[in-house]
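Below: one structure, written as structure tokens.
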Amino acid sequence: MAKTTKKAAIILMIIILTSKVTGFLRDIVLARTFGAGHITDAYLTALNIPVVLFDGISASLGTTFIPMFFSIREKKGIDEVYKFTSNVLNIATVISMILIVIGILFAPYIVKIFAMGFKGEVLDLTISYSRILIFSMIFIAINGLITSFLVASGDVHISGLITIPFNIFVMIAIALGSITNSYFMVYGTLFAYIAQLLFQIPFLFKHGYKYKFIIDLKDENIIKILYLILPVFLGSYVNQINTVVNRTLASTLDSGSITALNYANKLNMFAVGIIVISLSTVMYPILSKLASEKKIKAFKYNVSKSLNITLIAMMPIMVIVMGLSTPIVTLLFEHGSFNSKATELTSTALLYYSMGIVAYGLREILSKSFYSLQDTKTPVKNATVSVIINVILSIVLVKYMGIGGLALASSISAIATSVLLFISLRKKIGRIGMKNTIITFIKVAIASIIMGLIIKFSYYEIVNLGMNIFEKQKQLIAISCIGSTLIGLIIYIILTLIFNIRESKEVAYMIKSKFRQIIYKR
């Protein structure tokens with residue numbers, strides 16, 4: 117992996133970290149303002165409907181657009197890319213407008229699909245919210261395509277930046293909604309999607325993009341992207357089935373279960389977003405370029421490297437979240453309207469969601485590997501199997517484990533998908549360093565388990581020592597979590613170096629070299 121790639125990944129990681137922090141602040145503001153009850157259940161369900169209905173189209177467009185961007189630019193030049201982008205943009209806009217009309221007319225029936233357990237006030241509220249937030253579909257479509265264009269043009273950081281203004285506007289809307297009424301929060305969220313679009317427009321001008329008013333369904337590039345997009349589109353909706361099933365089953369549980377499931381999933385995906393999404397966003401154009409140039413050896417090396425980095429980074433995070441799920445939720449959310457019952461629900465879901473953190477990361481890298489090879493069918497086939505597993509397990513486990521069963525089913529399905537994708541990629545391109553990856557996995561797993569035991573022991577020791585020092589419980593929890601985690605991570609880093617894990621040694625060497633340069637300059 118080149119130095120420029122590593123630098124880009126680190127910068128994007130910092131940007132996504134900022135984005136995720138503002139996202140967490142948004143969730144904390146929502147939790148502390150409205151708690152975990154019928155308003156948050158209705159709001160989160162209504163917010164999820166346009167995402168499920170159109171995010172599949174947006175995600176599949178983004179995934180297939182980048183390889184097409186390079187192919188068209190290489191063969192016909194940048195003007196043809198502008199024409200193609202405008203054509204796709206206009207077609208997606210028309211489709212989204214049709215879906216908006218359908219969404220408004222059939223809102224009661226759509227809400228019933230997404231939350232079959234809702235009745236009375238919460239059902240009426242969700243229908244009202246949905247008819248407002250359904251307009252966000254058009255902005256989801258435009259934002260997704262523009263982001264893909266900018267990433268392909270070299271602005272890889274834009275994918276992390278655009279969520280920052282969204283989160284800020286939503287936080288303002290929630291705060292104002294708490295002193296007026298909840299509808300202010302809903303309209304404010306819709307405006308936040310518009311803010312994302314306004315934020316990206318200057319970047320488009322920077323790259324000289326020229327919009328063309330054109331809708332040509334017969335264009336050869338449109339026909340090709342439709343061929344590529346269909347499996348990804350179906351795969352996106354297959355994956356959305358997991359979300360719909362979980363939320364629908366959660367709506368039959370205690371009030372606030374949908375909210376708890378949402379917060380737990382956000383916490384779980386925090387690290388995946390920062391580390392893996394940063395890595396895959398930077399690597400995807402590189403893998404696409406290598407695949408188009410038929411440099412399979414270099415392609416395999418970069419895939420193997422990305423998988424190993426994902427294992428090294430995600431395994432300790434999984435162990436930390438599993439061990440400290442309750443303190444983490446208590447510290448971040450338990451305040452005001454978010455009571456101890458909501459904490460118990462959320463921490464239970466987080467515990468079982470966290471078991472799939474590594475699998476979520478590996479799945480992201482492996483899926484992008486297939487897409488860069490312009491193979492959009494294999495990930496869909498594997499995702500379909502995963503969804504079947506998730507649906508069956510969710511229905512069975514929710515009866516015995518409640519909200520924890522829903523989260524555990526998602527984790528198991530993610531693990532199954534990762535294994536299937538790995539096997540499929542090996543069949544497609546040959547050996548991809550599977551032996552090295554397995555050895556890395558074993559070493560990292562041992563180091564993570566040792567780290568986890570140390571964190572658990574350190575946490576309770578710090579709690580016992582701090583009981584007479586800190587008057588407020590949250591201060592004690594914060595110090596205990598931070599202190600025990602730092603101790604554990606130091607041990608983990610030392611163990612990865614002792615175990616001679618190549619990627620860890622490379623990072624250590626880079627830090628050492630930078631440190632020497634600083635000293636030399638002084």
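With the working numbering, the residue at position 191 of the sequence shown is 307, and numbering never jumps.
The beta carbon of each residue, even a glycine, is placed where N, CA and C say it ideally should be.
Source: prediction; values computed, not measured.
In the DSSP annotation of this structure, the continuous segment of the alpha helix (DSSP H) that includes ASP240 starts and ends at 236 to 249. Rounded to whole angstroms, the separation of the alpha carbons of LYS559 and ASN203 is 50 Å. Taking every protein chain shown into account, the CB of ILE226 has 16 or more other CB atoms within 10 angstroms, so this residue is buried. Straight through space, the alpha carbons of VAL267 and ILE539 are spaced by roughly 29 Å. Within the region 559 to 618, the runs of alpha helix (DSSP H) that reach at least 4 residues and sit entirely inside it are, in chain order, 589 to 614. Cα atoms of PRO166 and ALA223: separation of roughly 11 Å, rounded to the nearest angstrom. In the DSSP annotation of this structure, the continuous segment of the alpha helix (DSSP H) that includes ARG542 starts and ends at 519 to 545. With fewer than three CB-CB distances shorter than 8 Å, the region 498 to 508 does not count as touching the region 412 to 425. Burial state of SER564 is buried, judged by a 10 Å Cβ sphere holding 16 or more other Cβ atoms. For a cut-off of 8 Å, the C-beta gap from ARG142 to MET287 is around 5 Å, short enough to register as a contact. Counting only residues of its own chain and dropping the five nearest sequence neighbours on each side, THR242 has a CB closer than 7 Å to the CB of ALA158, THR161, ALA162, VAL227, ALA231 and PHE234. Along the region 177 to 241, the alpha helix (DSSP H) occurs as fully enclosed runs of 4 or more residues at 194 to 221 and 223 to 230, listed in sequence order. By the criterion of a C-beta distance shorter than 8 Å, THR553 is surrounded in its chain by SER420, LEU423, ASN424 and LEU427, once the five residues flanking it on both sides are discounted. Remark: C-beta atoms of VAL302 and ILE248 approach each other more closely than 8 Å. When ILE555, TYR516, VAL514 and ALA499 are compared, the shortest CA-CA separation from SER529 is found for ALA499. Comparing alpha-carbon positions, the option among SER510, SER483, ASN378 and TYR327 lying closest to LEU536 turns out to be SER483.
The beta carbons of LEU342 and ILE258 sit no closer together than 8 Å. With 16 or more other Cβ atoms from the protein chains shown falling within 10 Å of its own Cβ, THR263 counts as buried. Excluding residues up to 5 positions away in sequence, ILE548 and MET550 lie with their Cβ nearer than 8 Å to the Cβ of ARG542 in the same chain. Around the CB of LEU602, fewer than 16 other CB atoms lie within 10 Å, so the residue is classed as exposed. Segment contact: the region 507 to 525 against the region 373 to 386, three or more CB-CB distances shorter than 8 Å; contact assigned. Only residues of its own chain outside the window of five on either side were considered, and among them PHE186 have a CB closer than 7 Å to the CB of LYS405, listed in chain order. In the three-state reduction of the DSSP assignment, PHE329 falls in the coil class. Pairing ILE144 with LEU613 gives a Cβ-Cβ distance that is not under 8 Å.
Taking the C-beta atoms as reference points, LYS328 is found nearer than 8 Å to TYR198. Membership of GLU460 in the alpha helix (DSSP H) is indicated by the continuous run 456 to 470.
The beta carbons of GLY477 and MET438 sit no closer together than 8 Å. Distance from LEU320 to GLY304 at the Cβ level is roughly 25 Å; contact not present, criterion being Cβ atoms closer than 8 Å. Rounded to whole angstroms, SER488 and ILE436 show a C-alpha spacing of 33 Å. When rounded, the separation of the alpha-carbon atoms in ASN283 and LEU146 is 11 Å.
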